[in-house]
Every structure is written in structure tokens, then in C-alpha cells.
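A.B. asks:
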Amino acid sequence: MSLFYFVSFLSILFSLLVIFTKNPVYSVLALIATFFTFTIQYILLNAQFLAVVNFIVYMGAIMVLFLFVLMLMNLNKESEPMKSNLIKVVGVIAGGTLLVTLVGATKMLQTSEVSALPNSDIGLVENLGKVLFNEFLLPFELSSILLLTALVGAVLLAKKDKRTQNG
Amino acid sequence: MNLLILLFFPLVGSIAVLLNKNYAKQTALISSIITLGFAVTMLCNFLPEAGKQFVVDLPWIPQLGISFKAGIDGISMLMVLLTTGLVPLIILSGFQRTFKNPSALFALVLFMQSGLLVVFTASDAFLFYVGWEASLIPIYFIAAIWGGADRIKVTMKFFIYTFAGSLFMLLGIIYLHLQTPGNTYDIEAFYALSLDSATQGWLFWCFFIAFAVKMPVFPFHTWQPNTYAESPTIGTMLLAAIMLKMGIYGVIRWLIPVVPIGFLQWKELALILCIIGIVYASIIAFKQKDIKRLIAYSSIAHVGLIAAGVFTWNVQGVQGAMIQMINHGINVLGLFFVADIIIDRLKTREIASMGGIAKIAPKLSIAFLIILLGAVALPLTNGFIGEFLLLLGVYKFNIWAAGIAGLTIIFAAVYLLRLYKDVMQGTLNDLTASFKDIKGSEVVLLSIVCALVIIIGVYPQPVLHISESAVTELIGQVNSKLAF
Amino acid sequence: MNTLIVISILALVVLYLGLFKAKNALLPVSILGLLGALALAVCEWNSGASPIFSGMMHFDNFAVAFSALTIISTILILLLSKTYFEKISENVAEYYTIILFALVGIIVMVSYHNLSMLFIGLEIMSVSLYVLAGIKKRDFASNEAALKYFLMGAFSTGFLLFGIALIYGASHSFDLSEIAKYVTDRPTGIDPIFYVGIILVMVGMCFKIGAAPFHFWVPDVYEGSPTLITTFMATVVKTAGFAAFLRIFSVCFAPLSEFWMPTLLGITILTLFIGNITALFQTNFKRMLTYSSVSHAGYMLFAIVALGASSFNAVFVYAAAYSLASIIAFGVLILVKEQTGSENFESFNGLGKKNPFLAFSVTVAMLSFAGIPLTAGFIGKFFMFSTALQEYHTWLIVLAIINAVISIYYYFKVIVAMYFKDAERKEVPSNAYYKLVLGVSVIATIVLGVYPSLITDFF
Amino acid sequence: MDNITATIQVVPLNHYILLSAIIFTIGVIGVLIRRNAIIIFMSVELMLNAVNLLLTAFSAYSGDASGQVFVFFIMALAAAEVAVGLAIIVMVYRNTNSVDINVLNRLKW
Amino acid sequence: MIDLVWLIPLFPFIGFLICGVGRNVLPKAVLGTIASLAVIASFSFSLGIFFEFNSVEPVIINLFDWIKVGNVNIPFAFQIDQLSILMLLIITGIGSLIHIYSTGYMKTDAGYGKFFSYLNLFVFFMLLLVLGANYIVMFIGWEGVGLCSYLLIGFWFTNGAFADAAKKAFIMNRIGDLGFLIAVFIIIATFGSATFTDVFPKAQGMVSGDTTLTLITILLFVGTTGKSAQLPLFTWLPDAMAGPTPVSALIHAATMVTAGIYMIARSNIMFSLSPITMSIIAVIGLATAIIAAIIAITQTDIKKVLAYSTVSQLGYMFLGLGVGAYTAAFFHVITHAFFKALLFLGAGSVIHAMSNEQDMRNMGGLKKKLPITFITMLLATIAISGLPPFSGFFSKDEILANVFEHNKVLWIIGVLGALLTAFYMFRMMFLTFWGSFRGTTEQKSHLHESPFSMTIPLIILAILSVVGGFINVPEVLGGGHWLASYLAPVFEGSTSRLGELALSHSTEYMLMGISVGGVIIAIGFAYFKYVKNAHVPISDSENRSALAKISYNKFYFDEFYAAIITKPLDALSVFFYKVVDKAGIDGIVNGVAKAPIEASKGFRLLQTGNVGFYIFAMVVGVVVVLAYSFFKF
């Protein structure tokens, strides 16, 4: 139990670091740390498959991409012009209000507490695989199209054109 | 099926005009005369006492309860005759003018005629609304493409104003539709409704604003003088001679019988507005410097009286309105045509720069005088019949109202005779000295107009007879609904 | 379902055609493929009684109708693309592929029966559009549009997902039927997180359809994107967004309309006013159209605000009318911009004289936008008003009328420019494809305006 | 592993919701206060992860696997989005030599 | 023959059409002949009917249904009775003479054909007016003659002032006509019909002083004040002298202006039942008579003098009507028609001779040059002055006798007016025909007597002016009161109510004596002033005494009307147009239209182009939406 709160604390701490550090590279590192805490959360929730996927996809692939791009652009310095403090304050207030509203709305009536996990094994690869390839076959197939689109699109946009047009 | 031919033949003509670009005027004229022929044929087979005839009822959008339902009773018959009769004259009025892209102009005129005929014959509210708007588009283009210098702003105002009015009517129509038991747009179902008085009260305004803008009734009139002045005369004629009758027809057919209790609540206010309009517009007309604008204000005054007659809702008032719609159409067409002849020759609308034309254009002066006398309601001209009945109707409502409304017969004489004096009488000046008298198609048109002015004035009974039983029945129906 | 497969395969085929440099075959193949997909979609009329693929997809008549509409719109837009893409770059095949992928997403969006499908469909579409908005790689406006669209789109996806998660948390299912059952089974004991979920899903959907105050991306993205892509966004994408929006709200949340309706009503009114009033002062035709697009979203929201049996019809007819008119307007804009290099109203001056057909097409489109009778746009507005009045939203209609009146002013500005203002200009060149698309659209607009029964008795 | 799960059982679901909401809001704040497009994008990722956590929690607490499947899809999306998003950012960077979103204000009014 | 009564108006109408269409085609002689023959033919028919008609009840000839709406039915019908027959005779008779006269008078005018067509049209409308069997047909004629009056006053329309005079006449008539029209509405509403034979029997049954009847009669009287130039609507008539002189004779002296008297005589039953109206009529009539007479004293334009004299005489007729002396009033209509037509035609002859000079200050000594004109005009002047046994004596005397019986004060004023009449008429004669010629030598060289076509009508009218009075010589002078007995059926209803004149013979003699004596003194005064002292009215530039100034400037009526009606209305027109319409209503309309455009200027600034702001707005939107939803929920 206390583990949950500790990990949660770390999650919040690292995510705050993500948005408040000036150096983008540190931000990325903080984000990796945040994702790591999430992986722990998944394990705590007995979602082993997700924990693994999260570790590989997010911490591995996605974050590397981010870092790669940052390095590519030479943005590893504190080069980013920060917004004025006023905007920061306003942003934080707006976000805080959002949080309050979200939580307040959620809590308006007492949420029923679930005291027992009905089936603790759902997060295992085997169980999840069954659901994924039976019920969710179609979305699974379609996500391939999503990835393909992203693939084609990313290549299309990122590659340098030989011709220069403004047309 | 006969009616469908009447309604859609102008569209055929419109296409023919577009295809036959070199003879646009002629084709348009022939087409409109054929349409008139259809209308006259229908008149020959028409039985005034027999209620709605030549009924067409075709499914259109069945799942919404919309059908293409139209028919002709006495009231519609007169309006159909007005439309089919005046459009050839309006087309004829353009014979000696040159227009850029004439085929488009005349195609639009014919298109509009179709829309107008739909409005005047529709028995389905949706159809009515479609016709109502369909006649608005062509006139907007006519006015805005072929109009005067200030046309763009003016016509935009006109369009937006009238469009706003009609959208409120659409709201009313849909609302009524949803109240009908079978969810239909049939006018009979609308008539059969009995809504509570608060609902009828606001529904009255929905319809009234649409119609009031069209007519136009004070204080919804400010689009009108400018639009009349800036439109090409063909457009002005269409607007003044036929289109504004849509508003009055709407009041007779779609306002009062549909929401009788609402009408009862607001009758006085509507009448007062109409009567204010009469006096107000007349007084403004006194000092107008622009010939077309003067006629425009005179039209507001005349229409105010017609509307007042309708709102009294007695046989004399409504019958007077019916015949006066015809008369006003004829007279205002004639007046605008005379104005157009003068403007075309002198290239100015400024009354002050005219004068003495009667001396060198006697034919024009006679025609002008006859039409003008019709407009000032001299007995034995058409205008008198209408104004007599209208004022009688208003009198039956209230003697003071009649007294104030009656001022129109004095005021009309004041501003129209002043116009005649300033334009036709007095001495010639440099501008007017080379004025040419009317010839050819102008003579034909003005002769027809003058003949109509006098014939209807001398023997109006046939015209009155056409609509009498329909009007009586409608009034009776409303009164029986109000009786309980 | 077959439609989905055909389009997916078609996209791959086109991608391969690009590899083999068969440039001239791209358009015919795409069109033929889409026609085939259209035929297959129509064949499934009345056959989709129940959800398929473990309740993932429900290809009911609603889905068929909207699939057909989006496919037809896409065909028309692709027909306009004949020379357009080639001017941008060589990678024409990829553009077609991505458009077709987007269409796959859209077909999923109109036929989903599970929130995961909604999500995937929406994202396929969105990701494609992020790319498409930016295909003019050297054009700052296009860059800006792509980045703004991407950032805001991703941001709004977060809200949508949060909403979906909360709904899942309450109902323990992503299946629409299950969620509906959850709602109807316990009218009082609904978990409050479910309500938050509804609102957040609503926010997410409102972003996708560009309803105020989540509309800010619309003007900038529409303006910055290549015009043809804007056309696609304004027509197909918007239609799909409404179909998806309507589907979830009508199937799942209808019984709770008392809860979300007032909020959506507020959003609707705000959308109407923001769209219309801001459009008034625009001097750029394209930007005016984008704001008008916002206001049309407001009108289409009527159907959801006054959710009822006639809502499907209303949205369908309105979307069809709006799509046709948009295709005309943007299509002509492309031609005019090619000639004059400007998208301002002035660049339309004198068009009526030199290009009567183009001018007439635009006029019909504007009249349809403005909701003038005898055009499809009027029928659309009429359906919307009827739908709203059925639920006695009289005041909403009054406000809508005020907006419709305001809109006349800016729609007519271009008519005024074309017909009433003279300018020295040459005839705008246009190819046969344009004539075909514009002709078909104009005729369809008028035919639907005169005899809407052709498409109104689907539901 | 079982004992860990048992420990978790004591954590109320509400706390998961709260945690997700906080992370989500932090993501939102990040989007609001930063000008670097990449950081903004990272904040969006933070928001998505908050949702992932929430879904997993719901899934675990209700014993329904579909929530976790959904998370899987979100991850797929995230991958796709990152690819496209970074491509766009690179493209913009090539043209403007900046990833500052405030530079992007040609399209307005 | 009575069945053919529709031919009577038809002849002049055909004449109108022929002259109108052929005005530039046919030779002048033919045009004049056709027009004259048309009226003469009508006159012949009228004579025929006069001799044939012997019914007590009026004869109604229905031509066709004119307006039939609901329960209102207005047929186009003619009514023949004694009153209309006499009017027919006057109109067609005098009309014929004036037509003949005009063939000479207008010989050189370019608008010859037009003139005769208008003149025929006028006769046509006038005949409709008197033949109409209901108020509406009467109204046709009523307005129709107004139209012809307008056309003929503005005959020389290239002169702007003349055109203005025509306009003024029409509009002033119209003001009265509105009263008439509303009266007709009340009649229709009250009696269910506008036909005389329906209305009068019903009216007969009503009580005296009935409010509705009073209202009807007052409004009808308002109608007559316009047409018959009574206070306050008389100012158009002097201006109407802008028309050719025969027109003044026919329309503005003999026929049209007496339409009002005809109408009241026709409706006598309703008037007899409205004592209040009767008093008003009497007072207004007398006031008009006196004011017009006073104005006439100082006028220098020969036609203006005659015009005011006409107004004044019409005032007498109304005075007669006002005291219930319908026969006397109508008698005066007849005699006045004779001598006033003659006076105008004579004046026309003078003007003709003087090359269109109308100012008496430039005349003088014409009796030698224009002997026939002089003699006939002198006879007419004596007749109008009321010296026995000329026609005017009998008619005026009968009116005054009735007034005397009714109210002594009115009588005294009336007699004073008669003296004034004698004075200004002889002043006119003396200034014109006596003394030495004051015009230019060129005018002098042109002086000539008019041709026969002009003098013959003068002679005929002179004879009628002299002997016309004998149709109604009162019993006291040994006459048979033929006119009274002839008209008795028409006025039966009223006489049965109001009673007959019941003065003793000696009183009557005394009244006659007083007025004749006074008239002779007045003439003598005029003689001394204008013949013996050869006084000539001073020119316009010189100062007049205050009273003379008021008189010369027509009591400033025109200026007064301009100040209280015309100018305020014009100002109001400009105000309505510029302030209320343009700035007010249209300003509101434009303002409403501007509001969204102004709002647009502000709204578009929301679209800052800044993603940060957009996202901020989105977040705020989400917060608001969430908060609102739950607050509302």
C-alpha cells in the first residue's frame, strides 16, 4: 500500500520535473523516469503485459525518438525562450481549476469502492492475448493501418524534397 | 395538371430565353403571353363559387408531410391574373431599352414569375415558403446586376431584410406543422388548428413580420424606397406591382385564418401601423426630389391602406384589398414605366431638373395623367373602386381610422399632382427641350395600362365577382372560429 | 465491412502504383476502387441488423448512408486533385494513399460499435490529416497548419481518452450496447464519473467537429492547409465527426439528455455566433469559408441537441448539402487562386462575366450555404429547424434565424464580387474534371433542393 | 506477486482516479506553459499515460481485460503520433529553424 | 324619352372622345361644331325630358351593377326628378351657349381641340353629378368635374403659376371630397344603401337633431365647402381664374360651383333634420358672402372681381339653404347661372378686345368700343345687384326674406352684403366702361367688338338675366311661384317639417324696399367715386390703408394657410424623411446591421494565431463546460 503512494509521489514529482525543467533533455529524462514509475504501477496492478509493453514502447522506442530529435535539432541547451511568468501562473491556475473541477465532479457522489479484484489474472499475457485476438481483432488489425499511415506520413514529411516548391 | 403547366411554363420560357439569346426579349414576351393564355383559359373554366379548383396534389417529401399541393380559388385567381397579366407588360417595358446580358435578365424575370405563381396558388405551407423565397432570389439579382450606382448596398439590405422576415415565417410554419395532428403542412390542417392565445400571439408576429417587411408596413419599410430607386425599372415594377402583393396575399391567406386569435389580439396595433404608414409615407412623398423615390413612398402609402383594409377583416375591406392589389399593380407599373421613360431620356431622376415635358410629349402626358388619376383614386378609374371599398372597410372598423386613412386621397393628390406639375408642366429647360414623345412599344404598354385603369374603374364588378365568394367564405370561417 | 476492406486494399494498391511510377493510373484506380467500395456499401443496405466482429462494428443503414456520402465526397475531391498534387511534389501516390487511409478511418467512425473502434478510426483519420495538412512542406502556412492541428488534435485526444476511460470505469465496457444498457438499467445509480466522461467525450467530439470554444484550430488549419485538403477536412471529415458524435450520443447517452443537453445547447449557440460573426469581417474567401464552417457545425449540432428520430436524417441531409456546397466553393477557389494568386474576395471580381459557369456554381453554393430554398442547403436547415422545434427549442431557432440572416451578408459578398463588381481579368482556365465535379455538385445541390425525397427517406 | 496484489486491494480506486487526474492536469499545465513544441508534445504524452493508468486501474478493479487492451491501442496510437508529430516538428524546424510555437502566428484573425 | 336619359351624358362624352382623339387631325371648325352640337343635343334631350316628365315620384334608370360587395350594392343608376331636370337644363343650356362662345374665343389658341374635349368632358361629369341616383354616382361626377376644373385651370400649363392654381383647386376640392366620402360611408353604414330613394324615406323617419344625421350633414357640408368655394376652402376659386374665361363662366360660375347647393338641396331631408348643421351652413354662407364681397371691393383684376363675386353669391345660396329656403337657394342658382355666366363671358369679351389684359386699371371708356358687351354686361350687373325686375332681385330677395323670418341679425348682415355687391359690381363696370382709356396705344388700336359667335351667347344670356326671375315671382308681386311649385315634390319632406314662408305682404314690401334703396345708394356711391371723381385703384407698389390692405390681400387667407398647413407639412415632410426615416428608423435598421460587423471586428481578434492561447481557451472551455454541467445538473 505504501508502495503505491510512494510510486505515486515519484510519478507526480517526475512529471512536474518534465514540465518545469528548462533543459529539454532533462525533461526527456524526467519523462522516462515518470514512465518508469508507471511501469511499476502496472506491475502493482498485475498488468504484466502492459508493464512490459510500456517499458519497451514508451521508455524504449518513443523516448529514444524524442531524444534523437532533440539532439538532431541541437536543442539540448536551455535555448527555449520561456513564457512570461504571468502566462505560467495563468496556466497553472487554469490547470488547477481543471483538476479541481474534474475531481470535484467525480467526487460529487461517493464512488463505490471495489474491495476485491474479481479476476486478478486478466493482466497476464495469455489472458490479454485471448481478448485481443478474439474480441478486439478488428481494432487490432485497424491499428496496423494507423501505424502504416503514420509510417507513410512520417516519411513523407520528414524526408527532404529534391525539388523546392511553394505551389 | 393544368395548374402545373401554368406554374412551370415560365420556367420553360426561362430556359428558352437562355437558349435563344439573340431574341431574348421576344422569346420572353411570347412565353409570358402564352402563360397569360393559360391563365385566361383557366379563368374561362373557373367557377368563382366552387371553392378551390384545378387542385394538384403530388407527394413531395412525404416523410415530412410535405406535398406539392396547389389550387386556385377566387383569391388566388385574381393574383394569378395579376401576375400573368403584368409580367408581359413588364417585359414589354424593356423593349426599347438595352441591357447587358438581356437573356439572363428576362430568364430571371420568368423564373420569378414561376415563384410568384407558386406563392399565389400554394396550399401547402412548405410549398408556399419555397415559392416565397424562390421569387426573392431572382429579384435580388435583377436589382443588383442591372440597378443603379448604389445598388449593391441597397439590394443587400433589401435581401437581408426580407430574408430575415421570411425566416421567422418559416419558424412559424414549422411550429404549426408540428402542432397538426397528422404532421402535415396542408393549409386546411393549419386552419383546423385551435391553439391557445399566447401561442397564436407570437405566431402572429412570426408571420406578420415576414409579410410586413414585404409589403412594406411602417416601420419595416426603410429598405423599400432605396431599393425601388436603385433597381432597374423592370425590377422595380416586379417588386412594386407584383411582389409586394405577396405580403398582402399572405396576410389574407396565411396569417389571419391560421392564427385568428392572435390576429384578434394584435389587430389594432397592425391597423395603427398601417394607418401611420399611410400618413407618414404620404407626407414624406411631398418633398421627395427623386422621381422614383417619390413613387416608392406613394406606394408605401397606398399599400398601407390596402393592408389596413385587410386587417379590418370585413367583406368590403378584404374585397377592396383584392381589387386594389390589382389596381395598385397596374397603376404603380404605369407610374414606374412613365418614370422610366423620363429617366431614360433625361438621364436623371431629379424632379427639379425636369419640366414642361407635356408640351412636347402630349401622348406621354395623357398617359401619365390617366395613370396618376388612377393612383389618386379618381372615380371611374380603378383606384377609386379599391380605395372606396377599403375606406368603407376601415370605416366599419372605426370612423377615426377611416378619417385618417382617408387623408390619403388628399395627400396622394398633393404629391402626385406636384410631381405632374414639376415634371410635365411649366416651361421647358435645356435638358427637357429635346425630349422625345413615346413611340412603339411604349405606346402599346401605356395604352394597355390606361385602358385597364379606366375599364376596371368603370366596370369593376367582374373582377370583384371572381374573389367575392372565396373572400366571404374565408371571413366567415375566421369569424366562426372567433365566435366562441 | 467489405467497403472497409476494399478501401484499405485500394490504399495499398495505390501506394504500390506509386512505387512503380504509374502516375497516370493513380486517379482512375482510386476512383474505380472508391466506386466499387461505394457499390459494396450500398449493397449492405438493410443488411446490417446487428453488430459484427464481436460487437466492434455495426454496419447499419446509418453507417451505409454516411459511408456512401463520405465516399462520394471523396471521389469528387479526388477528381479535383488531377493537377493539384502534382504541383506540390512528386509523391502523389502517397497523398492518395493517405487520403484513402483517412477514409478508412472515417468509415470506421461512421460504423463503430465500440469505443475502441471510435478511437482507432478517429486516430487513423486524424493522423492522416496531420500529415495532409502539412504536405506543402515549403509553405509556412501549411507547416503552421500541420503543427497547430497536430498539437491541438493530440491535446484534445487526451480529453477524449480521459472521457472514454471514465465511461469505461463506470460501465466496465467499451461496447455501445453495454454502455446503453448500463444507462438504462440504473437510471438513478449512475456513477458520477460517467457524467464527467460524457462531458469529456463531448468536449473531444466538439473539438473534432470544430464547435466553439474548441474551434480555434479550425480557421487557422483550414486556411493554412492546401485548399484541396481543406475541402476534404471541411466535408468528409466534418461529416464523419458528426456521424460519430451523433452515434455515441444517440445510442448511449440519449436517456441522459437532460444532463448534457443544456451544455451542448450553450456550445451550439456559442458556435453559431462565433462562426457567423467572425466570418462577417473576413476579406479572405477561404478564411470566411472556414468560419462559416464553424457556424455550420453549430447548425448541425441542432440534431444532437434535439436528439430524436429525425436527427439522423437531419444531419445526413445537412452534411450532404454542406459537403456539396463546400466542394464547389473550394474547387472554384483553387482555380481562382491559381490564376490570381490571391484568395481574397477581390480576386473573384468580374468572374461572372468571364466564367459564367464557375460564377453560377459558386452562386449556387453560396445560396445553399445560406439556406435559400431550391438548394440543398435549405432542405438541410429546414430539417435542422424541424428537428429542433420538435423538442420545442424555439429560442434556439430564433437565434439560429438571426445567425442565418447575418450569414447572408458574407455569403453574398462573393456573389457581389463576381457579378456586380467589374475587374479586368482573363477567363479562369479549368479542366474537364473541374467542370464535371462542379456540374455534378451544382446539379445535385439543386436536385436535392427541389426534390429532397431522393435522400431523405433513408432512416 | 500475489501479496503485492493483495496490498493493492487496500488502495481505493478513487486514489487511482485522483492520481491520473493529477498527472493529466500536469500534462495540461505543461502544454499551457511551454513554448517548445517538443516539450508540449511530451506533456501530451503525459496526459495519455495518465489515461493509460486510469484504464488499467479500472480494468484491474473490474476484472475486465478490455481496458488493458485499450491501453495497448493507446500505446499504438502514441507511437504513430510520435512518428508523425516529430516528423511535423522536424519539417517546421527545417523551415523556421525553431520549435517555438509562438513563431507560428501567421495564420490569425 | 326618359328611358334614353343615358344619352344626355353620352353625347358630350362622345364629343369628348372625338375632340380628344381628333384634336390634331380635325380642323378647328369641325372640332368646335362637334363639341357644341354634342352639348346642344343633350340640351334638346333635356328639354324633351323636361316636357315629358310629369311624375311626382322620381324615375330611376338602372344601367348596370357597379360595385357589389357583401351587402353593399352600388348600381350605376340615374335618377330623373324635377331637381335634376332643372340642373340638366342649366348645364346643357348654359353649356351650349358657352361652347358656342368658346368657338370664337378660343379660335387662335393652339389647344383648341383639347379645350373642347375637356369642356365636353366637364359637361359629361356634371351631368353624371346631377343624374346620379345615389351618392356614389354623384361622387363620380363630383370628382370628375373637379378633374375637369383642374385640367382647364391648368389649360395653359406652361405657365407654372397656372399649373399651381390648378393643383390648388384640385387639392382643395379633395379636402372637401374626403368629408363627402366619409359622409357616404356613414350613410351606407346607417341606411344600408347610398341610393337616394332608399336613404331619404328612412331619414324621414328619424328624429330631428339625430347625431348621426348631424354628423352626415356636417361632413356633406364639408364636401360642399370645397366644391362650392365656401369658408374655409374658398381660396382656390379666385386662383382658378387662371383658366380660359369661358371655363370660368361655365365651371367656376354657372355650374360646378353650384354642385354643392345641388347636393344639399338633393339631401334636404337630412339637412332639415339637423338644425345644428343648418345653423352652421347659414353662418358660414353669410360669412363667406361678406368676406368675399369685402375682398371684391379692392380687386383690380376684372376676373378676380367676378370670382369673389361668385364666392359671395354662393355664400348667399348657402345662407338660403341654411335657413331652409331650398327653393330660394336653388332659384338663385338659376339666376346666378344666367348673369354670372354673362358677366364672365362679357369680361372675356373685354379681355379678348384688350389683347388679354385683365387689369381694370388699364381699361376704361370701353363702352363705345364694345357696345354689345357693354350693354349685356350692364344688364347682368343690374341683375346681380338686385334691382327689380331683373332676375337677381327676385332670387336674392327671396333668400333675404327667408333669412329675415329666420334671424334678423343675419338679415341685416345679408343686406349689407347685397349693398357691397352692388357697389363692387358697379365699380367694376365704371372702371371698365366709363372714363377714358388707360391702356397702351397698341391695345387701343386693337380694340374691337367680339365676333358674333361670342356676342350672340351674350345677348341670349342677357335676355335670360333680365327675364329669368319671372320663373318664380312671389305671390306678393302677383307671381305664380312656378319654380316653388315645380320643385315642391323634391322638397316636400323638408317643407312639411320646416313650414312655408309666412311673412306678411307688408313686411315683404318693406324688405324689398330696404334692399332696393340700399342698392341704389351703393350704386350712387360707386358712381361718384369712380365716374365723377374718376378714381382709379392705386398700383400695387403704393401704400394702402390698413383695411384696404387686408381686403386687397384677401384677408391673408393664402398666407395663413401657407403658414399653418403648407409650410408645416413641408417641414414635416423633410423632418420625417431626413430625421425619422433616414436617421431614425433606417438608422436603427442600419445600426442593427452594424452591430454584428462591429462585433466581428472584436471577435476576430480572439483568433490570435497563438496555439498557447487556443489551448488555454480550450482548457477554460472544458472547465466552464464541466462546471456548468454539474452546476446545472
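Chains as they are written, first to last, in the working numbering: chain A, 1178 to 1344; chain W, 12 to 495; chain Y, 603 to 1061; chain F, -14 to 94; chain X, -17 to 615. Beta carbons: idealized from backbone N, C-alpha and C, even for Gly.
(1) Are there 16 or more other CB atoms within 10 angstroms of the CB of residue 793/Y, so buried, or fewer, so exposed?
(2) By the criterion of Cβ-Cβ separation under 7 Å, what are the contact partners of residue 992/Y in chain W?
(3) Sorted by chain position, which residues of the same chain lie with C-beta nearer than 6 Å to residue 351/W's C-beta, five sequence neighbours on each side aside?
(4) Quick one: which chain Y residues come within Cβ less than 7 Å of residue 1316/A?
(5) What is the DSSP secondary structure of residue 7/X, reduced to helix, strand or coil?
(6) Figure out for me which residue from 180/X, 172/X, 121/X, 193/X has the closest Cα to the Cα of residue 158/X.
(7) Using only CA atoms, which one of 242/W, 207/W, 400/W lies nearest to residue 354/W?
(8) In angstroms with no decimal places, state the Cα-to-Cα distance between residue 27/X and residue 99/W.
(9) Please report the straight-line C-alpha distance between residue 852/Y and residue 860/Y, rounded to a whole angstrom.
(10) In terms of residue numbering, what span does the alpha helix (DSSP H) encompassing residue 69/W cover?
(11) Exposed or buried, which one is residue 561/X when buried takes at least 16 other CB atoms within 10 Å?
(12) Hey, out of 1227/A, 1250/A, 1200/A, 1201/A, whose CA is closest to residue 1212/A's CA?
(13) Any idea what DSSP makes of residue 1286/A, helix, strand or coil?
(14) Determine, for residue 1286/A, whether the minimum Cβ-Cβ distance to residues of chain F falls below 8 Å.
(15) Beta carbon of residue 211/X, beta carbon of residue 219/X: below 8 Å?
(16) With DSSP collapsed to three states, give me the class of residue 974/Y.
(17) Determine the burial state of residue 1286/A: buried for a count of at least 16 other Cβ atoms within 10 Å of its Cβ, exposed for fewer.
(18) Which first and last residues belong to the alpha helix (DSSP H) in which residue 55/X is found?
(19) Could you tell me whether the Cβ of residue 32/F comes closer than 8 Å to any Cβ of chain A?
(20) On a Cα-Cα basis, can you pick out the residue from 124/X, 59/X, 81/X that is closest to residue 116/X?
(21) Below 7 Å CB to CB, which residues in the same chain sit around residue 176/X once its five sequence neighbours on both sides are set aside?
(22) Do residue 170/X and the ligand GTP come close, with the Cβ less than 7 Å from some heavy atom?
(23) Using 8 Å as the threshold, is the C-beta distance between residue 534/X and residue 526/X below it?
(24) Mind checking which residues open and close the alpha helix (DSSP H) that includes residue 51/X?
(25) Can you tell me whether residue 659/Y is helix, strand or coil according to DSSP?
(26) Contact defined as beta carbons within less than 8 Å: I believe residue 20/X pairs with residue 102/X. What is the distance between those atoms, to the nearest angstrom?
(27) Closest Cβ-Cβ distance between residue 1058/Y and chain W: below 8 Å?
(28) Taking the beta strand (DSSP E) that residue 79/W belongs to, which residues open and close that run?
(29) What residues from chain A crowd round residue 92/F, counting only those whose CB sits closer than 8 Å?
(30) Keeping to the same chain, check which residues put their C-beta closer than 6 Å to that of residue 644/X; ignore five residues upstream and five downstream.
(31) Check whether the Cβ of residue 788/Y lies closer than 8 Å to any Cβ atom in chain F.
(32) With a threshold of 6 Å on Cβ separation, who are the neighbours of residue 213/X within its own chain once the five nearest residues in sequence on each side are excluded?
(33) Label residue 617/X either buried or exposed according to how many other C-beta atoms from any shown protein chain fall within 10 Å of its C-beta, with 16 as the threshold for buried.
C.D. replies: Reading it off the structure:
(1) In the third sequence, counting from the first residue as 1, residue 793/Y sits at position 191. Buried, because 16 or more other Cβ atoms sit within 10 Å of the Cβ of residue 793/Y.
(2) Translated into positions along the third sequence, residue 992/Y becomes position 390. Correct list: 189.
(3) Position 340 of the second sequence, counted from the start, is the residue given in the question as residue 351/W. Closer than 6 Å at Cβ, skipping near neighbours: 244.
(4) Here residue 1316/A is taken as the residue at index 139 of the first sequence, counted from 1. Correct list: 658, 718, 719, 722.
(5) By one-based count along the fifth sequence, residue 7/X stands at place 25. Of the three classes helix, strand and coil, the one that applies to residue 7/X here is coil, per DSSP.
(6) Numbered from its first residue, the fifth sequence carries residue 158/X at position 176. For the residues 180/X, 172/X, 121/X, 193/X, the minimum Cα distance to residue 158/X belongs to 121/X.
(7) What you label residue 354/W is simply residue 343 of the second sequence in a count that begins at 1. It is 242/W whose Cα lies nearest to the Cα of residue 354/W.
(8) Looking up residue 27/X in the fifth sequence gives position 45. Looking up residue 99/W in the second sequence gives position 88. The straight-line gap from Cα to Cα measures roughly 45 Å.
(9) Along the third sequence, one-based indexing puts residue 852/Y at 250. Along the third sequence, one-based indexing puts residue 860/Y at 258. If you take the alpha carbons of residue 852/Y and residue 860/Y, they lie about 13 Å apart.
(10) As a first step, residue 69/W is located in the second sequence; it is residue number 58 there, counting from the start. First-last for residue 69/W: 64 to 72, but that is the beta strand (DSSP E), not the alpha helix (DSSP H).
(11) What you label residue 561/X is simply residue 579 of the fifth sequence in a count that begins at 1. That one is exposed.
(12) By 1-based counting over the first sequence, the position of residue 1212/A is 35. Checked all of 1227/A, 1250/A, 1200/A, 1201/A; the closest Cα to residue 1212/A is 1227/A.
(13) The residue given as residue 1286/A occupies position 109 in the first sequence. Model confidence at residue 1286/A stands at a pLDDT of 48, short of 50, so the residue's coordinates are unreliable and nothing is read from them.
(14) In the first sequence, the residue the question calls residue 1286/A occupies position 109. Unreliable positioning characterises residue 1286/A in this predicted model, as indicated by a pLDDT of 48, which lies under 50. The coordinate reading is nonetheless provided below. No - not a single Cβ of chain F is within 8 Å of the one on residue 1286/A.
(15) For this step, residue 211/X is matched to residue 229 along the fifth sequence. For this step, residue 219/X is matched to residue 237 along the fifth sequence. Yes; because the gap between Cβ atoms is below 8 Å, this pair is in contact.
(16) For the purposes of this step, residue 974/Y is identified with residue 372 of the third sequence, where counting begins at 1. Coil, per DSSP.
(17) Here residue 1286/A refers to the residue found at position 109 when the first sequence is read from its first residue. For residue 1286/A, the predicted model reports a pLDDT of 48, less than 50, meaning its position is unreliable; a value from the coordinates is still stated below. Answer is exposed; the Cβ neighbour count stays below 16.
(18) Position 73 of the fifth sequence, counted from the first residue, corresponds to residue 55/X. Where residue 55/X is concerned, there is no enclosing alpha helix (DSSP H), although the beta strand (DSSP E) it sits in stretches over 54 to 62.
(19) In the fourth sequence, counting from the first residue as 1, residue 32/F sits at position 47. Judged by the 8 Å Cβ criterion, residue 32/F is not in contact with chain A.
(20) Residue numbering aside, residue 116/X sits at position 134 when the fifth sequence is read from its first letter. It is 59/X.
(21) In the fifth sequence, counting from the first residue as 1, residue 176/X sits at position 194. Excluding positions up to five away in sequence, the list reads 56, 116, 117, 118, 166, 169, 170.
(22) Among the components of this structure there are no ligands whatsoever, and the ligand GTP is therefore not found.
(23) Here residue 534/X refers to the residue found at position 552 of the fifth sequence. Here residue 526/X refers to the residue found at position 544 of the fifth sequence. In contact: residue 534/X and residue 526/X (Cβ atoms closer than 8 Å).
(24) For the purposes of this step, residue 51/X is identified with residue 69 of the fifth sequence, where counting begins at 1. Note, residue 51/X: premise wrong, no alpha helix (DSSP H); beta strand (DSSP E) at 41 to 51.
(25) Sequence index remark: in the third sequence, residue 659/Y carries index 57 (1-based). Strand.
(26) Here the question's residue 20/X lines up with position 38 in the fifth sequence. Here the question's residue 102/X lines up with position 120 in the fifth sequence. Confirmed, Cβ separation roughly 6 Å.
(27) Translated into positions along the third sequence, residue 1058/Y becomes position 456. It does; some Cβ of chain W falls within 8 Å.
(28) Here residue 79/W is taken as the residue at index 68 of the second sequence, counted from 1. Element bounds for residue 79/W: 77 to 83.
(29) Position 107 of the fourth sequence holds residue 92/F. Ordered by position in chain A, no residue passes the 8 Å Cβ test against residue 92/F, which lies about 16 Å from the chain.
(30) This structure cannot settle anything about residue 644/X, because the visible part of chain X is limited to -17 through 615.
(31) Position 186 of the third sequence, counted from the start, is the residue given in the question as residue 788/Y. Output row for residue 788/Y: interface = no.
(32) Position 231 of the fifth sequence holds residue 213/X. Only 266, 269, 270 meet the Cβ criterion.
(33) No answer is possible for residue 617/X: it lies beyond the span of chain X, which begins at -17 and ends at 615.
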